[in-house]
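Before any comments, here is the structure.
In my numbering, the protein residues as written are 11 to 425.
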């Protein structure tokens, strides 16, 4: 058998993206035992790092071993008992995912929807909360299927006023867009690494405040075989998943270190490095870098005569949707981008499948050369299909965006 060999792809779709080299290097670190003081020390360090990533003081901030979907499922299945009401505002594919997971937990699920390409006004959500009176509001912050970013800064206060727990999936948005957990009064969040955090899929950082933890702890259970005399049974129904039982996972990450599973050490090393990269560069600087790359890509796309998708005032900074022009074979464009230029861009799902491309600028790939290479390659491929567009305007416009940003930074530095 030959060693693994992959072509040198530039991943400019909606995720996953190319990892920071330092993350890959961290993941090659040799293992130690799961209760080795060095290992548990790094577990504690990861908790502290992700408190900074989420801008929270929550003690219960740690990793779920699994993809971002594992974090979603752990959060919802652990807090929702059969018959609990949950409200899911849907503005894209991943709202439907939250709905399905809540339904599988036998919750009573209520949904509200806006057309894809739009987001919710806080008043719409408050009206639905008053009508449904849910235990949990579950909402996506950034939905890559539509490229939209749902504003959350007013939603937490609304939920507190009506005694509703607020959970959000911020997988696609964290790191490239503002996220302020405590200030926004968010009770629970889960994310993945494979977008703006610049890592591989396979670990789900999460954070839960005391309100959310209290609801989970009502269902606290300790497995037979590790249960001691001081452990008591819960008042609520037992969480239906063993692997995604947050109470047991919190015991594993907590001072007791009650055995639950063997920590995915390699993913922990990578997750740690993702947080280190973000915090070393600075959250504001990383968000600004994503905004700059996303704006350069957007303006470059527009300069090429292509039409962006959705409400641009509520677009994520890290991915742009592009209407596939009439008389253009969208899948052939993606095929040629991949096989001629080694660049991956995405299509979408559901009602947008085959109608839009999704082009990301995330993490390690939120940089000038990646933006310019993608725009130039897309122009060349479109010309090959006979699509008429201004020569070089996409790249020139993106360059101008970067140049203007440099001039502005230099001016500020001189003050």
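Backbone N, C-alpha and C fix where the C-beta goes; we use that ideal spot for every residue, glycine too.
Quiz item: Applying the criterion that 16 or more other CB atoms from any shown protein chain within 10 Å of the CB defines a buried residue, is residue 223 buried or exposed?
Solution: The residue is buried, with at least 16 neighbouring Cβ atoms inside 10 Å.
Practice problem: Let me know the secondary structure DSSP gives residue 262 once reduced to three states. | Solution: helix
Quiz item: Quick one: complete alpha helix (DSSP H) runs, 4+ long, within the segment 165-252?
Solution: 165-171 and 220-227
Quiz item: For residue 378, which residues of its own chain have a beta-carbon under 6 Å away from its beta-carbon, when the five flanking residues on both sides are left out?
Solution: 412
Quiz item: Looking only at its own chain, which residues have a Cβ that is under 8 Å from the Cβ of residue 61, when we skip the five neighbours before and after it?
Solution: 67, 68, 71 and 217
Quiz item: If you draw a straight line from the C-alpha of residue 311 to the C-alpha of residue 318, how long is it?
Solution: 7 Å
Self-check item: C-beta atoms of residue 226 and residue 268 nearer than 8 Å
Solution: no
Quiz item: Count the other CB atoms within 10 Å of the CB of residue 416; is the residue buried (16 or more) or exposed (fewer)?
Solution: exposed
Exercise. Please determine, among 53, 74, 43 and 401, the residue with the shortest C-alpha to C-alpha distance to residue 255.
Key: 74
Exercise. Note down, one range per segment and in chain order, each beta strand (DSSP E) of at least 3 residues found wholly within the segment 290-349.
Key: Secondary structure in the segment 290-349: the beta strand (DSSP E) runs of 3 residues or longer, each lying completely within the stretch, are 329-333 in chain order.
Practice problem: Determine the direct distance from the alpha carbon of residue 250 to that of residue 113, and round the result to whole angstroms. | Solution: 13 Å
Quiz item: Three or more C-beta pairs closer than 8 Å, one from the segment 107-121 and one from the segment 325-336: is that the case here?
Solution: By the criterion of at least three beta-carbon pairs nearer than 8 Å, the segment 107-121 is not in contact with the segment 325-336.
Practice problem: Go through its chain and collect everything with a Cβ distance to residue 79's Cβ below 7 Å, but skip five positions before and after it. | Solution: none
Exercise. Below 6 Å CB to CB, which residues in the same chain sit around residue 128 once its five sequence neighbours on both sides are set aside?
Key: Cβ neighbours of residue 128 beyond the five flanking positions: 321.
Quiz item: Do the segment 131-149 and the segment 97-108 touch if we need at least three Cβ pairs shorter than 8 Å?
Solution: yes
Self-check item: Beta-ladder partner(s) of residue 7, from DSSP
Solution: Given a span of 11 to 425 for the chain in the structure shown, any question on residue 7 remains unanswerable.
Quiz item: Smallest Cα separation from residue 88: which of 380, 374 and 253?
Solution: 253
Self-check item: Cα-Cα separation between residue 371 and residue 257, rounded to whole angstroms
Solution: 36 Å
Quiz prompt | Beta-carbon gap between residue 25 and residue 154 smaller than 8 Å | solution = Less than 8 Å divides the Cβ of residue 25 from the Cβ of residue 154.
Quiz item: In terms of residues, what are the limits of the alpha helix (DSSP H) holding residue 90?
Solution: No alpha helix (DSSP H) holds residue 90; DSSP gives it neither H nor E.
Quiz item: Using CA coordinates, which residue listed in 28, 261 and 400 is at the minimum distance from residue 313?
Solution: Cα-wise, what sits closest to residue 313 is 400.
Quiz item: How is residue 410 classed by DSSP in three states: helix, strand or coil?
Solution: helix
Quiz item: Buried or exposed: residue 282, going by 16 or more other Cβ atoms within 10 Å of its Cβ?
Solution: buried
Quiz item: Under the DSSP definition of a beta bridge, which residues are partnered with residue 363?
Solution: Looking at the DSSP assignment, residue 363 forms no beta bridge with any residue, so it has no partner.
Exercise. Determine the closest residue to residue 315 out of 353, 243, 404 and 351, with distance taken between C-alpha atoms.
Key: 404
Quiz item: Shortest alpha-carbon distance to residue 331 belongs to which of 366, 341 and 303?
Solution: Closest option to residue 331, Cα to Cα, is 366.
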